[in-house]
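Notes for the one structure printed next.
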Amino acid sequence: MKALKVLVPVLIAALLLISFGCGRNRTTVKPSGEPVYYPTWWNTQGDEENVCTYGSATRMSETLAMETAKNQALATAAQYVEVEVQAMMKVYEEEAGVIDPQLLQLSQNVIRSVTQARFSGIVYGRSEVRVVQENGSNRYKAWVQAKIPKTEIARNTARMIRNEEALYNQFRASQAFMELDELLE
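Counting from 1, one number per residue, gives the positions in the sequence shown under my numbering.
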């Protein structure tokens, strides 16, 4: 019993010493390398009317850098549209309780068609070009913002659904289609 009375305070003192000792010797680890520059407007979605996508490229020519950045922004837009349409179709399928394989295939056709569609009304918002040193030579780094009207995405989706008559007949009565029509108005 006497040993226990001595051992407990010694253990408490040892634990306190270890915990304070470990807490004080921390050094802050800083990430190595320089931070990568991006314009302040990069990856912002402040526009209620449009979906904003972004692209960047580094090329030997300023024109080529801008064109490549624009193409990258459009590729990103296609990915966004595909995800958006898939989500819309998923809501419909859950709402309707769809298990018909033919209807599911039609849904996939609509998603592919909308993704591959050309959108009118695309506006290139902000852009920036800088000269950068790469491998001992000057190159141009371009950043581009593309804006796609949300109504255009909805219009293309509705058109593709209407073109697939079987899907349209089942989809038109759903809540998801009503929401799509509201976007177009």
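Backbone N, C-alpha and C define an ideal beta-carbon position, used for all residues, glycine too.
Spatial distance of residue i from residue j (CA atoms)
i: A77; j: K141; result: 20 Å
i: K30; j: R126; result: 33 Å
i: P39; j: A65; result: 16 Å
i: E67; j: T28; result: 42 Å
i: W156; j: V144; result: Reading off the sequence shown, one finds Asn at residue 156, where the question assumed Trp. Cα to Cα, the separation comes out at about 24 Å.
i: D47; j: Q79; result: 19 Å
i: S32; j: S120; result: 44 Å
i: R159; j: R130; result: 41 Å
i: W42; j: Q72; result: 14 Å
i: P35; j: E62; result: 23 Å
i: E134; j: T151; result: 41 Å
Cβ pair residue i, residue j closer than 9 Å
i: V83; j: I153; result: no
Selected residue, minimal CA-CA separation from residue i, among the options
i: P149; options: Y38, R159, E128, V81; result: V81
i: E49; options: E62, E34, K147; result: K147
i: T44; options: G55, P35, V36; result: G55
i: A136; options: V36, M60, A73; result: The sequence given here places Gly at residue 136; Ala does not occur at that position. Taking only the C-alpha atoms, the option nearest G136 is M60.
i: T58; options: N138, G121, Q79, A158; result: N138
i: L74; options: V129, V123, D47; result: V123
i: E128; options: Y37, A158, G121; result: Y37
i: T53; options: A69, E62, P35; result: A69
For residue i: DSSP bridge partner residues
i: T157; result: According to DSSP, which records beta bridges pairwise, T157 is partnered with nothing at all.
i: I148; result: V51
i: R126; result: BP columns for R126 are empty, so no partner.
i: Q133; result: N138
i: T58; result: K141
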